[in-house]
Amino acid sequence: MLRYTFNRVLYALPIMLGVSLVCFLLVHIAPGDPLVSVLPPDATEALRRQMAELYGFDRSLPEQFLRWLARAATGDLGTSIATARPVAAEVARAVGNTVTLAAFATLIGFTLGAIFGFVAGYFRDSPLDRLASALAVLGVSVPHYWLGMVLVIIFSAQLGWLPATGAGPGGSTEWVWDWEHFRHLILPAVTMSVIPMGIVARTLRALVAEILSQEFVMGLRARGLSEFAVFRHVVKNAAPTALAVMGLQLGYLLGGSILIETVFSWPGTGFLLNAAIFQRDLPLLQGTILVLALFFVVLNLLVDVVQTALDPRIRRA
Amino acid sequence: MAERVLEIRGLEVTFRRGEERIRAVAGVDLTLAAGEALALIGESGSGKSVTLRQVLRLDPERTTEVAGSVRVGGEEVGRLDRRGLRRLRGGRVGMVFQEPLLALDPVYTVGQQIVEAIRAHEPVSRAEARARALELFRLVHVPSPDRRLDAYPHELSGGLRQRAMIALALACRPQLLLADEPTTALDATVQIQVLLLLRELQERLGLAILFVTHDIGAAVEIADRIAVIYAGRIVEEGPVRAVIRSPLHPYTRGLLASRTEGALVKGRRIAAIPGSPPDLARPPPGCAFAPRCSLAVEACRRSVPRLEPFAPGHAVRCLRAPEWAASAA
Ligand SMILES: Nc1ncnc2c1ncn2[C@@H]1O[C@H](COP(=O)(O)OP(=O)(O)OP(=O)(O)O)[C@@H](O)[C@H]1O
Ligand SMILES: [Mg+2]
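Protein chains in written order, with the working numbering: chain G, 43 to 359; chain R, 83 to 411.
Listed below in structure tokens is the structure:
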């Protein structure tokens with residue numbers, strides 16, 4: 043197991059390097075001059091050149107990449123063109139906000155998804171199953187920006203119960219654990235939880251039904267185990283697959299959602315990415331994409347290792 | 083006669099599947115005394131497994147209709163409540179399945195499963211239960227039992243897996259062991275070892291065994307009596323020697339004849355008997371075997387013959403048997 047983990051980490055290193063290169067190239071291959079957004083339209087050629095030199099845009103691409111990579115390795119992602127603040131600080135704050143949102147959305151989505159999935163799988167083809175399955179399908183098929191807007195219309199515009207945008211009172215972008223901030227979290231988190239809820243519910247329904255159809259379940263009953271004990275066996279059998287699906291869902295949520303964060307003006311990574319693209323803020327864009335991409339590599343690694351650790355059939359193979 | 087461990091009277095089991103009603107068991111009577119081994123043999127789909135499962139009421143209640151009586155140690159199984167049923171399952175009656183790899187939970191070690199089963203029935207500590215599990219593994223001759231208890235089912239060989247399954251079934255010292263084709267999934271040499279183990283356990287523990295098999299050789303090896311089932315009904319029942327030497331039912335004779343042409347293979351049709359078993363959703367009004375029987379007369383097709391005693395302890399469900407036996411003698 044240790045060896046497997048070590049190997050898996052080792053494999054992840056070249057992937058990370060490749061990912062960095064792709065991040066870098068994607069941004070540089072895109073057409074357009076990154077300096078357009080910071081220079082006045084009538085800027086002189088000398089000023090242009092000076093700025094390009096300052097940001098390193100005058101060097102060759104391989105050189106730019108190596109310098110960027112070397113600095114990124116030490117945690118320095120450069121300076122945002124638009125705000126002139128360190129990219130690392132901008133990204134760190136956005137990541138914090140996105141994680142808060144994702145954690146809460148996950149809590150809602152997984153709890154409801156697991157309940158719906160187990161109920162539907164246990165009572166397959168009953169009215170309960172049909173209700174739970176319908177909710178799950180709704181969850182994955184309703185466009186969530188649309189749902190977000192509907193929720194805003196109902197709970198903010200009509201009822202006035204909850205704020206529609208931002209992460210805190212007065213456009214605060216710094217998260218604090220108090221009721222004023224929490225109120226801002228509710229609508230985006232509920233909107234965001236709908237997809238993992240649907241996916242977890244559907245996966246678990248199929249999984250539980252499949253496990254219950256296996257002969258060993260009758261074997262368990264034939265030993266005189268209580269229904270609760272049988273349920274425990276079902277949970278343990280479902281755990282590796284369920285955790286893998288949940289891990290990936292959690293990953294997608296942690297990656298941030300441009301749509302949801304934009305609809306709710308939630309100052310997370312998706313929002314930041316959106317801003318960086320529209321302002322053609324190359325260093326910020328590169329830094330954000332790199333952090334997100336590396337995060338997915340690590341996430342996949344974790345899911346693999348945890349899933350392996352949980353399943354004795356793989357663990358000891 | 084010794085105490086009756088199992089008594090099945092007029093058992094009928096019908097499964098509802100959509101509009102269809104499948105009559106898997108159409109009237110089974112069986113009696114098993116303490117320490118006795120009975121082999122239930124018959125073609126694929128004849129209702130052997132369903133009969134066995136009904137002893138523990140393992141079929142889903144929603145889609146299964148059951149009539150008749152099943153008594154274990156004199157207690158009517160159909161009248162037990164949930165708790166009574168749990169005490170019966172694994173407590174007084176243990177069950178062994180055909181394919182232990184499918185019948186054991188893959189993500190628990192065999193030791194954990196035995197400990198869990200013991201603790202479901204008796205208020206003992208984990209350590210005590212573990213000690214008993216070790217004892218059971220010795221009883222069923224698992225080599226290095228301590229280490230094997232910590233193995234997952236997939237880590238054991240087929241033979242060891244089946245031994246572990248038997249140990250699990252015996253965990254709470256049942257009086258009755260139900261075994262559904264316990265050797266079918268095993269290699270030939272391992273089959274014999276498992277059969278020998280079952281016979282040894284029967285003698286040492288005074289265990290009554292009801293076991294289903296396709297293998298007449300296995301039946302002869304460990305059974306005291308044989309019951310032959312066809313289309314959900316027992317068609318012949320008697321002491322092993324009597325049934326093998328002088329079979330009374332034409333179907334039994336066909337089964338025995340097919341044995342000389344090679345072992346009975348699960349799922350395969352029996353060569354010596356032309357035709358195939360009736361559709362259980364639309365059973366014929368008379369003897370279910372009549373359409374395939376060379377001795378059948380008009381009366382056979384009108385009504386189902388009764389299971390009549392013929393010799394001491396030897397009964398047959400066939401109108402032509404007395405006549406035929408007389409002419410053969
Ligand atoms: N849960 C169920 N629902 C519907 N039909 C069933 C169910 N269980 C069994 N049957 C049907 O009942 C009949 C008898 O099945 P059973 O499993 O008892 O056969 P068997 O004698 O054990 O055969 P085999 O030798 O193949 O194991 C078969 O036609 C089978 O399809
Ligand atoms: Mg069977």
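For every residue, glycine included, the Cβ atom is placed at its ideal position computed from N, Cα and C.
From a predicted model like this one, the values you see are computed outputs, not experimental measurements.
message: Whole angstroms are fine: how far does the CA of G155 (chain G) sit from the CA of P185 (chain G)?
response: Position 143 of the first sequence, counted from the first residue, corresponds to residue 185 (chain G). Position 113 of the first sequence, counted from the first residue, corresponds to residue 155 (chain G). So the two alpha carbons sit approximately 18 Å from each other.
- request: Using a Cβ cut-off of 9 Å (strictly closer), state whether R263 (chain G) contacts chain R.
  value: Against the first sequence, residue 263 (chain G) aligns to sequence position 221. Closer than 9 Å: yes.
- prompt: Where the beta carbon is closer than 6 Å to any heavy atom of ligand 2, which residues qualify, in chain order?
  reply: Those residues whose C-beta sits under 6 Å from the nearest heavy atom of ligand 2 are, from N- to C-terminal order along the chain, R:K130, R:S131, R:D262.
message: What I want to know is whether the C-beta of G127 (chain R) ends up closer than 8 Å to one or more non-hydrogen atoms of ligand 1.
response: One-based indexing of the second sequence puts residue 127 (chain R) at position 45. Yes, the Cβ of G127 (chain R) comes within 8 Å of a heavy atom of ligand 1.
- prompt: Where do the N-terminal and C-terminal ends of the beta strand (DSSP E) with T148 (chain G) fall, by residue?
  reply: Mapped onto the first sequence, residue 148 (chain G) falls at position 106. For T148 (chain G), there is no enclosing beta strand (DSSP E); the residue is part of the alpha helix (DSSP H) that begins and ends at 129-164.
field: Best match in G:S168, G:G181, G:P230, G:H223 for proximity to F197 (chain G) [C-alpha to C-alpha]
entry: Within the first sequence, numbered from 1, the residue matching residue 197 (chain G) stands at position 155. Answer by Cα proximity: G:P230.
message: Does the distance between the C-beta of V110 (chain R) and the nearest non-hydrogen atom of ligand 1 fall short of 8 Å?
response: Position 28 of the second sequence holds residue 110 (chain R). For ligand 1, not one heavy atom lies less than 8 Å from the Cβ of V110 (chain R).
Contacting residues, own chain, Cβ-Cβ under 8 Å from V259 (chain G) (five flanking each side not counted): For the purposes of this step, residue 259 (chain G) is taken as residue 217 along the first sequence, with counting starting at 1. Within the same chain, V259 (chain G) has close Cβ partners I253, V272, H275, V276.
message: Taking 8 Å as the cut-off, is the C-beta of A264 (chain G) nearer than that to any heavy atom in ligand 1?
response: Stepping through the first sequence from its first residue, residue 264 (chain G) is reached at position 222. Between ligand 1 and the CB of A264 (chain G), the shortest heavy atom gap is not smaller than 8 Å.
message: Against D353 (chain G), what residues of chain R qualify as contacts under a CB-to-CB distance less than 8 Å, listed in chain order?
response: One-based indexing of the first sequence puts residue 353 (chain G) at position 311. Chain R residues near D353 (chain G): V189.
message: Let me confirm a value: G310 (chain G) is counted as buried when at least 16 other C-beta atoms fall within 10 Å, else exposed. Which label applies?
response: Numbered from 1 along the first sequence, position 268 holds the residue referred to as residue 310 (chain G). Counting of Cβ neighbours within 10 angstroms places G310 (chain G) among the buried residues, the total reaching 16 or more.
message: Does Y190 (chain R) come out as helix, strand or coil in the three-state DSSP assignment?
response: Locating residue 190 (chain R) in the second sequence gives position 108, where the first residue counts as 1. Here DSSP, grouped into helix, strand and coil, assigns Y190 (chain R) to coil.
- request: Report all residues from its chain with a CB closer than 7 Å to the CB of K348 (chain R); omit the five preceding and five following residues, and keep chain order.
  value: Here residue 348 (chain R) refers to the residue found at position 266 when the second sequence is read from its first residue. Unreliable placement is indicated for K348 (chain R), whose pLDDT of 49 sits below 50; the coordinate value is still reported in the next sentence. Contacts found: S126, T266, H296.
3-residue-minimum beta strand (DSSP E) runs that sit fully inside the region 221-265 of chain R, ordered along the chain: For the region 221-265 of chain R, whole beta strand (DSSP E) runs of length 3 or above, ordered along the chain, are 258-262.
- request: Compare the C-alpha of K278 (chain G) against each of G:A136, G:M93, G:F160, G:A124 and name the closest.
  value: For the purposes of this step, residue 278 (chain G) is taken as residue 236 along the first sequence, with counting starting at 1. It is G:F160 whose Cα lies nearest to the Cα of K278 (chain G).
message: In whole angstroms, give me the CA-to-CA distance for D141 (chain R) and F165 (chain G).
response: Residue 141 (chain R) sits at position 59 when you count from the first residue of the second sequence. Residue 165 (chain G) sits at position 123 when you count from the first residue of the first sequence. The straight-line gap from Cα to Cα measures roughly 16 Å.
- prompt: According to DSSP, is K348 (chain R) helix, strand or coil?
  reply: The count along the second sequence starts at 1 and reaches residue 348 (chain R) at position 266. Note that K348 (chain R) scores 49 on pLDDT, short of 50, meaning its location in the model is unreliable and no value can be drawn from it.
task: Using a threshold of 9 Å, state whether the C-beta atoms of E94 (chain R) and G160 (chain R) are closer than that.
output: Taking the second sequence and counting its residues from 1, one reaches residue 94 (chain R) at position 12. Taking the second sequence and counting its residues from 1, one reaches residue 160 (chain R) at position 78. No. Outside cutoff.
- prompt: If we cut at 9 Å on Cβ distances, does S268 (chain G) have a partner in chain R?
  reply: By one-based count along the first sequence, residue 268 (chain G) stands at place 226. The beta carbon of S268 (chain G) falls within 9 Å of a beta carbon belonging to chain R, placing the residue at that interface.
- request: Let me know the secondary structure DSSP gives F99 (chain G) once reduced to three states.
  value: Translated into positions along the first sequence, residue 99 (chain G) becomes position 57. Here F99 (chain G) sits in coil by DSSP.
query: Name the DSSP bridge partner or partners of L67 (chain G)?
result: As a first step, residue 67 (chain G) must be located in the first sequence, where it is residue number 25. The partner list for L67 (chain G) (beta bridge, DSSP) is empty, contrary to what the question assumes.
- prompt: Would you say L250 (chain R) faces chain G, with C-beta separation under 9 Å as the test?
  reply: One-based indexing of the second sequence puts residue 250 (chain R) at position 168. L250 (chain R) has a beta carbon lying within less than 9 Å of a beta carbon in chain G.
message: Which runs of the alpha helix (DSSP H) at least 4 residues long sit entirely within the region 223-301 of chain G? Give them in chain order.
response: Counting only runs of 4 or more residues that sit fully inside the region 223-301 of chain G, the alpha helix (DSSP H) segments are 257-264, 269-296, in chain order.
message: As a quick exercise: from R:I304, R:V322, R:A211, pick the residue whose alpha carbon is nearest that of V310 (chain R).
response: If you number the second sequence from 1, residue 310 (chain R) lands on position 228. Nearest of R:I304, R:V322, R:A211 to V310 (chain R), Cα basis: R:V322.
query: Per DSSP, F293 (chain R) is paired with what?
result: Here residue 293 (chain R) refers to the residue found at position 211 of the second sequence. Under DSSP, the beta-bridge partners assigned to F293 (chain R) are R:A121, R:A261.
query: Are there 16 or more other CB atoms within 10 angstroms of the CB of R45 (chain G), so buried, or fewer, so exposed?
result: As a first step, residue 45 (chain G) is located in the first sequence; it is residue number 3 there, counting from the start. Classification of R45 (chain G): exposed, given that the 10 Å Cβ count is below 16.
Contact belief for P329 (chain R) with R105 (chain R) at Cβ below 8 Å, rounded distance in angstroms: On the second sequence, residue 329 (chain R) is found 247 positions in, with the first residue counted as 1. On the second sequence, residue 105 (chain R) is found 23 positions in, with the first residue counted as 1. Not confirmed; about 25 Å, so no contact.
message: Between R229 (chain R) and chain G, is the shortest Cβ-Cβ distance under 9 Å, so that the two count as touching?
response: As a position in the second sequence, residue 229 (chain R) is number 147, starting the count at 1. With 9 Å as the cut-off, R229 (chain R) does not count as an interface residue toward chain G.
task: Measure the beta-carbon distance from M234 (chain G) to S299 (chain G) and round it to whole angstroms, keeping in mind my assumption that it falls under 8 Å.
output: In the first sequence, the residue the question calls residue 234 (chain G) occupies position 192. In the first sequence, the residue the question calls residue 299 (chain G) occupies position 257. Right, the Cβ-Cβ distance comes to about 6 Å (below 8 Å), so this counts as a contact.
- request: Anything in the region 240-259 of chain G with a Cβ closer than 8 Å to a Cβ of chain R? List those residues in chain order, please.
  value: So the list reads Q256, E257, F258, given in the order they occur along the chain.
- prompt: Going by Cα to Cα distance, which pick from R:R383, R:V197, R:G124, R:E263 is closest to A209 (chain R)?
  reply: One-based indexing of the second sequence puts residue 209 (chain R) at position 127. It is R:V197.
message: Would you say L221 (chain R) lies against chain G (beta-carbon separation less than 9 Å)?
response: Position 139 of the second sequence, counted from the first residue, corresponds to residue 221 (chain R). Contacts with chain G at 9 Å (Cβ-Cβ) do not include L221 (chain R).
- prompt: Between the C-alpha atoms of E217 (chain R) and F48 (chain G), what's the straight-line distance to the nearest angstrom?
  reply: Locating residue 217 (chain R) in the second sequence gives position 135, where the first residue counts as 1. Locating residue 48 (chain G) in the first sequence gives position 6, where the first residue counts as 1. Distance between the alpha carbons of E217 (chain R) and F48 (chain G) is about 40 Å.
- prompt: Residue range of the alpha helix (DSSP H) that P325 (chain G) falls in?
  reply: Here residue 325 (chain G) is taken as the residue at index 283 of the first sequence, counted from 1. Per DSSP, P325 (chain G) belongs to the alpha helix (DSSP H) from 324-352.
query: Going by beta carbon distance, what residues of the same chain come within less than 6 Å of F99 (chain G), once the five residues before and after it are set aside?
result: To locate residue 99 (chain G), count along the first sequence from 1; it is residue 57. Shown here for F99 (chain G): not one same chain residue has a beta carbon closer than 6 Å to its own, the five before and five after excluded.
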